[in-house]
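K.L.:
If you scroll down you'll find the structure; I have some questions about it.
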Amino acid sequence: MKTSTNTLLNLLRSLPPVHLQNNLMGCTDRDLAMCAVLLESRDEALLLAPLSPRKRLRVQEEAALIARRRIPPEHFQGSLELVERRLRSGRPAGSVRSYLRPKGRDGGNTD
Numbered sequence: 011m012k013t014s015t016n017t018l019l020n021l022l023r024s025l026p027p028v029h030l031q032n033n034l035m036g037c038t039d040r041d042l043a044m045c046a047v048l049l050e051s052r053d054e055a056l057l058l059a060p061l062s063p064r065k066r067l068r069v070q071e072e073a074a075l076i077a078r079r080r081i082p083p084e085h086f087q088g089s090l091e092l093v094e095r096r097l098r099s100g101r102p103a104g105s106v107r108s109y110l111r112p113k114g115r116d117g118g119n120t121d
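Numbered according to this note's numbering, the sequence shown spans residues 11 to 121.
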């Protein structure tokens, strides 16, 4: 199932604030940061506003790092799907990866 940023934004706008906060706080910083990088700044505020100040800062720092890397689109898609699944079900979806391998300038992995 492909999740788009529009799907995520619809969830962020429609869910009760307590449900939204509880489930976003349970998402990994990296998955939230991957989603934040894909959003425009006003939409990013919808994602970050329910977070605690400390988690929000961690997510913003991670997003700044991610924005400077060449990360394949499928990694962003995976994070979008995990966050959406968490918001819909209220249960942890698990993280797809703990290490993101940036793409080289030629489009391949940097090995």
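Ideal Cβ positions, reconstructed from N, Cα and C, are used throughout, including at glycine.
All of these numbers come straight from a predicted model, not from anything done at the bench.
Am I right that S131 and M35 are in contact with their C-beta atoms under 8 Å? What's the rounded C-beta distance?
P.N.:
The question about residue 131 has no answer here: the residues shown for the chain are numbered 11 through 121.
K.L.:
In angstroms, rounded to a whole number, what distance separates the CA positions of D53 and T15?
P.N.:
9 Å
K.L.:
Looking at the unbroken alpha helix (DSSP H) that takes in T15, where does it start and where does it end?
P.N.:
T15 to S24
K.L.:
Please classify R78: is it buried, with 16 or more other beta-carbons within 10 angstroms of its beta-carbon, or exposed?
P.N.:
exposed
K.L.:
What are the start and end residues of the alpha helix (DSSP H) that includes I76?
P.N.:
P63 to A77
K.L.:
Return the chain-ordered list of same chain residues with a C-beta closer than 6 Å to the C-beta of C37, the five sequence neighbours on each side being excluded.
P.N.:
Shown here for C37: same chain residues with a beta carbon closer than 6 Å to its own, the five before and five after excluded, namely V93 and R96 in chain order.
K.L.:
Indicate whether at least one CB of chain B lies closer than 9 Å to the CB of N16.
P.N.:
As a matter of chain content, chain B is missing from the structure shown, which is built from one protein chain.
K.L.:
Which residue from P83, P26 and I81 puts its Cα closest to that of P60?
P.N.:
The option with the nearest alpha carbon to P60 is P26.
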